[in-house]
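Shown next, in structure tokens, is the structure this report addresses.
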Amino acid sequence: MLDERQSKGRTHENLLKARLRQEIDGGIAASRDPVNASLPELAARLTTIYSPWYTRTCPECKDKFREDDRVRLCPMCEQAYHDDAQYSLQCWRTHFAAGHVCKRGGYDPIAEVPRPRCNYRWSGKFPDEAGRTSQKAQGSRRVERVTSQFLGGLATVWQPFGERTVREIKPGESIIGHKCPWCRFHIRAGDRVVKCPCGKCETYFHDDIFRHLTCWNDWNGTQGNNYCPTSGAEIARAPALVVAEEEYHGR
Ligand SMILES: [Zn+2]
Ligand SMILES: [Zn+2]
Ligand SMILES: [Zn+2]
Ligand SMILES: [Zn+2]
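Per the numbering used here, the very first residue in the sequence shown carries number 1112; after that it's consecutive.
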């Protein structure tokens, strides 16, 4: 009997410690990411490298948060979930659908601590979505148009790595969820990628300068790796880059 009570007491203590730690960490993190800290509850936030959830994993899509990912935070435990149309990531809506709570809790066998439970349920509304939808949609369409024009222009100037075809992943493609071998983030719908040219694999590298994911350029260009990270087969370096380097070295 005594043992059982002791162990219950310890579990409770661990839970309190975990919560306290979470609150302290949250406070420190908020002071580092002031832009997001001053927003109202449930408002959409854009991930920065200072965001407390940056480098953590979204519980719904299991992908790590990237810079500029649009997320919403649980008002009780500050767990972040994607709400990002540019990648078709509706993680918040999916997670809280049908009145589900934020975290069911339980025991974490790896960390050997009780997982915190969070009873928060979403009402189905966001503070920033009442009546402003059409205005916002118009704005984002305009940005999209400007972006596509700019990308078109950039593609003609950005030759050294542009030798390879860059394409945008569409929703539902089977490659979604595969890991990019360079940055280790998952490939998402909406990502701009280069297919590995070795011809022996189904590997895709990001190549998206606007999202700071220039993985193909880093692998084959900057780092000069002339082999496929999956099959090991040799791949040629971008010809224009070789010429540029020879000119640089005066050959
Ligand atoms: Zn997600
Ligand atoms: Zn929560
Ligand atoms: Zn990548
Ligand atoms: Zn390959």
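We treat Cβ as the ideally placed atom computed from N, Cα and C, and that holds for glycine.
| Cβ contact (3+ pairs, closer than 8 angstroms) linking the stretch 1199-1211 and the stretch 1223-1230 | no
| field | For Cys1229, three-class secondary structure by DSSP | value | Sequence index remark: in the sequence shown, residue 1229 carries index 118 (1-based). Strand.
| task | Would you tell me roughly how many angstroms separate the C-alpha atoms of Gly1138 and Gly1343, rounded to the nearest one? | result | Mapped onto the sequence shown, residue 1138 falls at position 27. Mapped onto the sequence shown, residue 1343 falls at position 232. Between Gly1138 and Gly1343, the C-alpha separation is close to 46 angstroms.
| request: Might you give, ordered along the chain, the residues of its own chain that have their beta carbon closer than 7 angstroms to the beta carbon of Glu1345, omitting 5 neighbours on each side? | output: Residue 1345 sits at position 234 when you count from the first residue of the sequence shown. Around Glu1345: Asn1337 and Tyr1338.
| request: Under the assumption that Ala1300 contacts Tyr1192 (Cβ atoms under 8 angstroms), give the Cβ distance between them as a whole number of angstroms. | output: Along the sequence shown, one-based indexing puts residue 1300 at 189. Along the sequence shown, one-based indexing puts residue 1192 at 81. About 17 angstroms; that fails the 8 angstroms criterion.
| request: Can you say whether Phe1316 is buried or exposed, counting buried as having 16 or more other CB atoms within 10 angstroms of its CB? | output: Start at 1 with the first residue of the sequence shown, and residue 1316 comes out as number 205. It is buried - the Cβ of Phe1316 has at least 16 other Cβ atoms within 10 Å.
| request: Measure the alpha-carbon distance for Pro1282 versus His1297 and round it to whole angstroms. | output: For the purposes of this step, residue 1282 is identified with residue 171 of the sequence shown, where counting begins at 1. For the purposes of this step, residue 1297 is identified with residue 186 of the sequence shown, where counting begins at 1. Those two C-alpha atoms are separated by around 14 angstroms.
| query | What residues does ligand 3 have around it, judged by CB closer than 7 angstroms to any heavy atom, in chain order? | reply | Cys1291, Trp1293, Cys1294, Phe1296, Phe1316, His1317, Leu1324 and Cys1326
| task | Return yes when the C-beta of Leu1200 is under 7 angstroms from any heavy atom of ligand 1, and no when it is not. | result | For the purposes of this step, residue 1200 is taken as residue 89 along the sequence shown, with counting starting at 1. Yes, Cβ of Leu1200 sits closer than 7 angstroms to a heavy atom of ligand 1.
| How many Å lie between Ile1320 and Arg1303 at the Cα? | Indexing the sequence shown from 1 puts residue 1320 at position 209. Indexing the sequence shown from 1 puts residue 1303 at position 192. Looking at the two C-alpha atoms, the distance is approximately 9 angstroms.
| query | Cβ atoms of Phe1176 and Cys1185: under 8 angstroms apart, would you say? | reply | The residue labelled residue 1185 in the question sits at position 74 within the sequence shown. The residue labelled residue 1176 in the question sits at position 65 within the sequence shown. No, Cβ-Cβ distance for Cys1185 and Phe1176 is not below 8 angstroms.
| task | Starting from Phe1207, trace the alpha helix (DSSP H) both ways and give me its first and last residue. | result | As a working note, residue 1207 is residue 96 in the sequence shown. It spans Cys1202 to Phe1207 - the alpha helix (DSSP H) in which Phe1207 sits, taken as one unbroken run.
| Quick one: Cα of Gly1242 to Cα of Arg1183, how far? | The residue given as residue 1242 occupies position 131 in the sequence shown. The residue given as residue 1183 occupies position 72 in the sequence shown. For Gly1242, the pLDDT reaches just 47, beneath the cut-off of 50, and the residue's location in the model is therefore unreliable, leaving the point undetermined.
| request: Only counting runs of 4 or more residues, tell me where the alpha helix (DSSP H) segments fall wholly within the stretch 1281-1328, in order along the chain. | output: none
| said: Going by beta-carbon coordinates alone, are Leu1157 and Arg1181 separated by less than 8 angstroms? | reply: Position 46 of the sequence shown, counting from 1, holds the residue named residue 1157. Position 70 of the sequence shown, counting from 1, holds the residue named residue 1181. Result yes, Cβ atoms of Leu1157 and Arg1181 sit closer than 8 angstroms.
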